[in-house]
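**Q** Each residue of the sequence shown is one higher than the last, beginning at 4 in my numbering.
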Amino acid sequence: MKPPHLSSGEAAEKAALRWLEQQGLDLVTRNYRCKAGEIDLVMQDGESLVFVEVRYRRHAGFGSAAESVGTAKQRRLRLAAEHYLQRLATLPPCRFDIIGIDAQKRIDWIRNAF
Numbered sequence: 004m005k006p007p008h009l010s011s012g013e014a015a016e017k018a019a020l021r022w023l024e025q026q027g028l029d030l031v032t033r034n035y036r037c038k039a040g041e042i043d044l045v046m047q048d049g050e051s052l053v054f055v056e057v058r059y060r061r062h063a064g065f066g067s068a069a070e071s072v073g074t075a076k077q078r079r080l081r082l083a084a085e086h087y088l089q090r091l092a093t094l095p096p097c098r099f100d101i102i103g104i105d106a107q108k109r110i111d112w113i114r115n116a117f
C-alpha cells in the first residue's frame with residue numbers, strides 16, 4: 004500500500020492533467036525522470052513545451068503551492084528540463100508552470116512561474 008501523501012500526489016497529478024487538457028494543452032509525457040530530478044507533466048501548448056510541477060496542499064497554513072517550489076526545486080526542474088530538451092532535434096519555446104491543488108480541489112494555474 005502506498006503512503007497517503009503519494010496517493011494524494013498521484014490524484015493531484017491526474018486532476019491537473021485533466022484540467023490542463025480541458026484548457027487545450029496536450030500531454031507529451033508524465034513523470035519524466037533523470038539524475039537531475041523529475042518533471043511531473045510535460046505538456047504541449049501550441050508551439051511551446053510546458054514543464055509542469057504539480058503541488059497538492061491539504062492545508063494553506065504551510066503556504067501556497069507556488070511558495071512550496073523554492074529555488075532548489077526550481078534548479079532541479081530546470082536541470083531535468085535541460086536533460087529532456089537534449090533529446091530533441093529542435094528546441095521549442097519553453098516555460099515552467101505550477102499547478103496548485105488544495106483539499107477542496109481548487110486549481111491554481113501559475114503560468115511562467117519561474
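C-beta: ideal position from N, C-alpha, C; glycine also.
Computed from a predicted structure; not experimentally measured.
Taking the alpha-carbon of Gly12 as reference, which of Pro96, Asp105, Cys97 has the nearest alpha-carbon?
**A** Asp105
**Q** At what residues does the beta strand (DSSP E) containing Glu50 begin and finish?
**A** Per DSSP, Glu50 belongs to no beta strand (DSSP E) and is neither H nor E.
**Q** Have a look at Gln77 and Glu24 and give me their C-alpha separation to the nearest angstrom.
**A** 24 Å
**Q** For the alpha helix (DSSP H) containing Leu94, name the first residue and the last one.
**A** Taken as a continuous stretch (DSSP letters only), Leu94 belongs to no alpha helix (DSSP H), as it is neither H nor E.
**Q** Secondary structure at Arg33, three-state DSSP: helix, strand or coil?
**A** Correct three-state label for Arg33: strand.
**Q** For a test of the three-state rule: what should DSSP assign to Arg58, helix, strand or coil?
**A** strand
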